[in-house]
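Visitor: Residue numbers (the UniProt record's numbering): 1 to 403.
Structure incoming, see below.
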């Protein structure tokens with residue numbers, strides 16, 4: 001019986017890195033009887049390698065912005081059909097989508113119960129793979145991601161918004177629910193901390209391969225080490241401000257994409273100091289809401305008697321503060337780089353325009369030359385035609401051919 005390994009996040013735990021790593025190593029995986037399939041679904045704004053998103057997609061909207069359940073259901077059924085077909089060739093199939101973590105709870109009634117029945121119907125076992133990040137780190141990364149996507153609120157406004165308050169961050173409650181449906185043995189729980197990753201270099205890729213008793217040395221490669229980078233420091237603040245203008249909400253905006261490039265160059269060291277968005281003392285207070293739940297996950301699902309789910313301590317980082325001078329330096333840097341970029345684009349377009357003008361001029365000269373040749377030919381034909389008409393007329397009058 002084939003087994004579905006359903007990787008459900010949580011978000012901000014290296015999911016994009018894994019979703020790029022797995023298809024890049026397709027051949028090696030298949031040598032071990034593992035398939036990371038592409039079922040052909042494509043959703044606007046989502047990476048093509050989120051191959052499990054068909055299970056919870058809400059991307060179809062009508063003209064009024066409402067979801068279209070019929071299309072969502074069609075994708076779900078088509079995905080299950082393709083999964084069943086793939087299960088005839090491979091014993092282990094991986095589907096991944098971090099959206100499942102939240103959408104299966106907030107957007108799909110009885111999602112897990114239904115999925116359990118449907119997988120049994122098509123003859124599949126299931127293993128649910130989930131990575132947990134400590135909640136105080138998750139919310140900061142999640143807020144930064146939302147700013148990157150165009151949201152306008154600051155960090156503390158985010159903590160009071162439904163985007164946070166409705167987010168399932170009680171890990172024990174979630175795992176207990178899944179265990180009641182699938183059994184504890186179906187859950188593969190990992191912790192998103194470098195020191196808890198397995199492998200020689202303690203990477204997310206090595207840790208994920210360990211689930212299948214595989215190692216990087218089995219022929220796997222990491223083609224790109226960093227995926228889905230977030231804005232940091234002043235660049236995050238600049239993006240937060242720019243989000244008030246509709247044209248800057250999209251990551252496809254020229255300015256936004258180049259801000260990322262400038263940030264990655266690490267020109268100013270001050271943007272890369274460690275900091276927190278919590279006020280002093282708030283992180284510990286925030287984590288008090290989750291410590292008991294986390295401890296129960298560690299004890300009940302990981303067999304850790306000490307109840308420690310996360311090993312890293314809460315770092316005593318300073319709260320991020322806007323330094324006017326440093327922010328101004330970064331704004332000037334972004335402005336200067338954009339002016340230079342636009343100048344380069346203008347020069348390139350001017351060169352292209354001049355080349356087109358030269359081509360048009362050359363084609364015009366060729367056309368004039370051809371027109372002259374054509375006119376000469378027409379005159380020649382007209383003269384020839386006139387001569388034949390005169391000969392015919394002469395023969396008609398005299399009965400003799402003209403010499």
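Every residue gets a Cβ at the ideal spot worked out from N, C-alpha and C, and that includes glycine.
So what does DSSP say about residue 207, is it helix, strand or coil?
Guide: Helix.
Visitor: Sort 134, 297, 316, 306 by Cα distance to residue 174 and report the nearest one.
Guide: Looking at the Cα atoms, 297 is the closest of the given residues.
Visitor: Leaving out the 5 sequence neighbours to the left and right, which residues in its chain are closer than 8 Å to residue 230 when beta-carbon positions are compared?
Guide: Answer for residue 230: 141, 144, 145, 148, 236, listed in chain order.
Visitor: What first and last residue would you give for the beta strand (DSSP E) that runs through residue 190?
Guide: From DSSP, the beta strand (DSSP E) with residue 190 extends over 187 to 191.
Visitor: For residue 300, I'd like the list of residues in its chain whose CB is within less than 6 Å of its CB, leaving aside the five on either flank, ordered along the chain.
Guide: Contacts found: none.
Visitor: So is residue 378 buried or exposed if we call it buried at 16+ other beta carbons inside 10 Å?
Guide: It counts as exposed.
Visitor: I need the straight-line Cα distance from residue 28 to residue 222, nearest angstrom please.
Guide: Computed Cα separation, rounded: 13 Å.
Visitor: Rounded to whole angstroms, what's the CA-CA distance from residue 187 to residue 110? Just pull it up for me.
Guide: Residue 187 and residue 110: Cα-Cα distance of roughly 18 Å.
Visitor: Under 8 Å Cβ to Cβ from residue 170, same chain only, skipping five residues before and after it: list those, please.
Guide: Around residue 170: 290, 293.
Visitor: Can you name, in chain order, every residue of its own chain whose Cβ lies under 7 Å from the Cβ of residue 218, other than the five neighbours on each side?
Guide: The answer, listed in chain order, is 28.
Visitor: Starting from residue 242, follow the alpha helix (DSSP H) in both directions and report where the run begins and ends.
Guide: 233 to 242 is the extent of the alpha helix (DSSP H) around residue 242.
Visitor: If the criterion is Cβ atoms closer than 8 Å, does the pair residue 241 and residue 333 meet it?
Guide: No; because the gap between Cβ atoms is not below 8 Å, this pair is not in contact.
Visitor: List the residues that DSSP assigns as beta-bridge partners of residue 71.
Guide: Beta-bridge pairing links residue 71 to no other residue.
Visitor: In the DSSP assignment, the alpha helix (DSSP H) including residue 111 goes from what residue to what residue?
Guide: Start and end: 111 to 121.
Visitor: Does the Cβ-Cβ distance between residue 101 and residue 10 come in under 8 Å?
Guide: In contact: residue 101 and residue 10 (Cβ atoms closer than 8 Å).
Visitor: Are residue 407 and residue 136 close, meaning C-beta to C-beta below 8 Å?
Guide: Only positions 1 to 403 of the chain appear in this structure, which leaves residue 407 out of reach.
Visitor: Can you have a look at residue 69 and say buried or exposed, based on whether 16 or more other CB atoms are within 10 angstroms of its CB?
Guide: Result: exposed.
Visitor: In the DSSP assignment, what are the bridge partners of residue 35?
Guide: BP columns for residue 35 point to 93.
Visitor: If we count the other Cβ atoms within 10 Å of its Cβ and call it buried at 16 or more, is residue 7 buried or exposed?
Guide: Residue 7 should be labelled buried.
Visitor: If you follow the beta strand (DSSP E) that residue 3 is part of, which residue opens it and which one closes it?
Guide: Residues 3 to 7.
Visitor: Tell me where the beta strand (DSSP E) around residue 105 begins and ends.
Guide: That residue, residue 105, is in no beta strand (DSSP E); its alpha helix (DSSP H) goes 99 to 106.
Visitor: Rounded C-beta distance between residue 75 and residue 54? I'm assuming under 8 Å.
Guide: Residue 75 to residue 54, Cβ: 4 Å. Contact.
Visitor: Residues in the same chain with beta-carbon distance under 7 Å from residue 234, minus the five sequence neighbours each way, listed in chain order, please.
Guide: For residue 234, where only same-chain residues beyond five positions count, the Cβ hits under 7 Å are 271, 326, 327, 330.
Visitor: Consult DSSP for residue 130 and reduce its assignment to one of helix, strand or coil.
Guide: Strand at residue 130.
Visitor: Assign residue 207 to one of two classes, buried (16 or more other C-beta atoms within 10 Å of its C-beta) or exposed (fewer than that).
Guide: Buried, since its Cβ has 16 or more Cβ neighbours within 10 Å.
Visitor: DSSP state of residue 299, grouped into three classes?
Guide: If DSSP states are grouped into helix, strand and coil, residue 299 belongs with the helices.
Visitor: Compare the Cα-Cα distances from residue 243 to each of 359, 152, 284 and report the closest residue.
Guide: When each option's Cα is compared against that of residue 243, the closest is 152.
Visitor: Using a Cβ-Cβ cutoff of less than 8 Å, which residues in the same chain neighbour residue 283 once the five nearest sequence positions on both sides are dropped?
Guide: Excluding sequence neighbours, residue 283 sits near 136, 276, 314.
Visitor: What does DSSP give as the partner residue(s) for residue 61 in the beta ladder?
Guide: Paired residues: 67.
Visitor: So what's residue 384 in DSSP terms, helix, strand or just coil?
Guide: Residue 384: helix per DSSP, three-state reduction.
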